[in-house]
Amino acid sequence: GVAGLQALLDRGKLRACRPLVPLLVDVAARHLGADARATREDNNDILTTAAATGVQWVRETDPWTRSLFTEYLLDRTRYGDDPAESNGFAILGGRLGYQGLDEPLFPSQGVVFDVSLQGAAEPIASAASFVRGRAFAGGYLSVGDWIFAARGEAGVIVTDQFDKMPRSLRFFTGGDRSVRGYEYESLSPRDEDGTRIGGKYLLVGSVEVMVPVVDDDWYAAAFVDTGNAYIDPEAELKTGAGVGVRWRSPVGMIRVDVAQPLDGSGDLPMLHLGLGAAF
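Residue numbers for the sequence shown follow the working numbering, beginning at 4 and rising by one.
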């Protein structure tokens with residue numbers, strides 16, 4: 004939609020996608036489909052152009068989603084002033100998701116999680132061998148009129164050829180859906196020139212409380228987020244804390260947050276705007 008396109012434009016990202024084309028559909032909510040996509044992203048001194056095409060098998064049995072996919076990814080990335088490098092990867096992966104929220108637009112109870120695993124092998128049309136895993140879990144709990152929310156995310160890339168990993172599969176964090184108080188994807192290892200190059204590991208956590216202030220449509224919120232993307236396992240986590248407003252609009256939750264980084268850098272508080280539930 005317009006909001007989604009605007010979010011991509013605000014982040015310096017342009018994406019062209021061909022929707023998943025169903026090849027097989029049955030009453031058990033299984034389908035086999037094919038898709039193709041192309042992206043161009045200029046963010047934090049990293050210029051990436053990528054294209055991928057593949058096949059995906061999905062089975063949906065509410066509240067579960069299971070999928071297997073294979074795709075070929077072509078990635079051309081330039082970090083800072085370094086020469087651009089092009090690499091290709093034949094990727095095989097799978098995903099397991101659970102959506103157990105009471106309502107999608109303004110959840111107040113339930114849990115959600117998503118686990119994915121993918122990899123490539125250098126002998127099979129790939130520039131590098133790797134295994135990449137990522138897991139996300141979140142939950143909402145209502146206590147009277149108060150709503151408590153918590154989420155956590157972790158990721159790891161196992162490879163001896165990290166320098167060849169495509170930017171889209173490296174880990175970055177920071178921003179309105181990860182660690183507030185920091186710019187979008189600003190938390191990342193840097194090279195000797197100060198360019199953010201992405202991490203092999205990801206760890207993010209957040210707790211939030213929302214309290215109604217006007218009827219059931221307006222809520223005040225307070226939160227603490229922490230996390231980082233890193234290569235050195237001993238890297239410190241970055242933490243931000245703040246307050247916000249939630250409006251239960253007809254099109255979904257509108258979020259306005261002001262967050263302060265707590266790493267002692269002296270940076271000013273950051274404003275974050277969002278549409279839809281945080282997860």
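By construction, the Cβ of each residue, glycine as well, lies at the ideal position given by its N, Cα and C atoms.
Using the rule of at least 16 other Cβ atoms within 10 Å of the residue's Cβ for burial, across every protein chain shown, is residue i buried or exposed?
i	result
Asp78	buried
Thr73	exposed
Gly286	The chain is shown from 4 up to 282; residue 286 falls before or after that span and cannot be answered.
Glu237	exposed
Arg193	exposed
Ile94	buried
Gly96	buried
Pro66	exposed
Thr64	exposed
Pro126	exposed
Glu239	exposed
Val115	buried
Gly147	exposed
Pro253	exposed
Pro169	buried
Ala128	exposed
Ala123	buried
Ala55	buried
Ala32	exposed
So the beta strand (DSSP E) residue i belongs to, where does it begin and stop?
i	result
Met273	273 to 278
Tyr222	221 to 233
Arg79	67 to 82
Gly136	133 to 146
Val216	204 to 217
Thr198	From DSSP, Thr198 is part of no beta strand (DSSP E); its letter is neither H nor E.
Asp117	113 to 123
Arg249	241 to 252
Arg33	33 to 46
Gln164	Premise fails: Gln164 is in no beta strand (DSSP E) and is neither H nor E.
Ile49	49 to 64
Ser89	88 to 104
Ala262	255 to 264
Give me, in chain order, the residues of the same chain whose beta-carbon lies closer than 6 Å to that of residue i; leave out the 5 immediate sequence neighbours on both sides.
i	result
Asp266	Lys241
Arg3	As displayed, the chain neither begins before 4 nor continues past 282, which places residue 3 out of reach and without an answer.
Arg173	Gly201
Leu108	Gly255
Asp68	Strictly speaking, residue 68 in this sequence is Thr, with Asp absent from that position. Counting only Cβ-Cβ distances below 6 Å, and skipping sequence neighbours, we find Gly100.
Glu156	Phe139, Val207
Val248	Val259
Gln164	Ala131
Pro110	Leu104, Tyr143, Ala280
Phe151	Leu144, Val212
Gln9	Reliability of the predicted coordinates at Gln9 is poor, the pLDDT of 37 falling under 50, and no value is obtained from them.
Phe175	Glu188, Ser191, Gly201, Ala232
Ala225	Val212, Val246
Going along the chain, which residues of its own chain have a beta-carbon closer than 8 Å to the beta-carbon of residue i, five neighbours each way excluded?
i	result
Lys167	Glu88, Asn90, Ala130, Ala131
Tyr187	Arg14, Asn46, Gly177, Gly178, Asp179
Trp221	Pro215, Val248, Arg249, Trp250, Arg251
Asp235	Pro192
Output needed for residue i: all residues of its chain with C-beta closer than 7 Å, excluding positions within five of it in sequence on either side, in chain order.
i	result
His275	Asp179, Arg183, Asp260, Ala262
Asp270	Pro264
Gln112	Asp105, Tyr143, Leu144, Ser145
Thr1	The requested residue 1 does not occur in the structure, where the chain is confined to residues 4 to 282.
Ala153	Gly141, Gly142, Ser209, Val210
Just confirm the distance between the C-beta atoms of residue i and residue j, as a whole number of angstroms; I'd bet it's less than 8 Å.
i	j	result
Ser171	Ala53	6 Å
Arg135	Ile160	5 Å
Val61	His34	6 Å
Phe282	Gly158	Phe282 to Gly158, Cβ: 15 Å. No contact.
Tyr82	Ile49	6 Å
Q) How do the segment 179 to 196 and the segment 256 to 271 stand: do at least 3 beta-carbon pairs fall below 8 Å, yes or no? A) yes
| message | Any contact between the segment 229 to 240 and the segment 203 to 210? By contact I mean 3 or more CB pairs, one from each, below 8 Å. | response | yes
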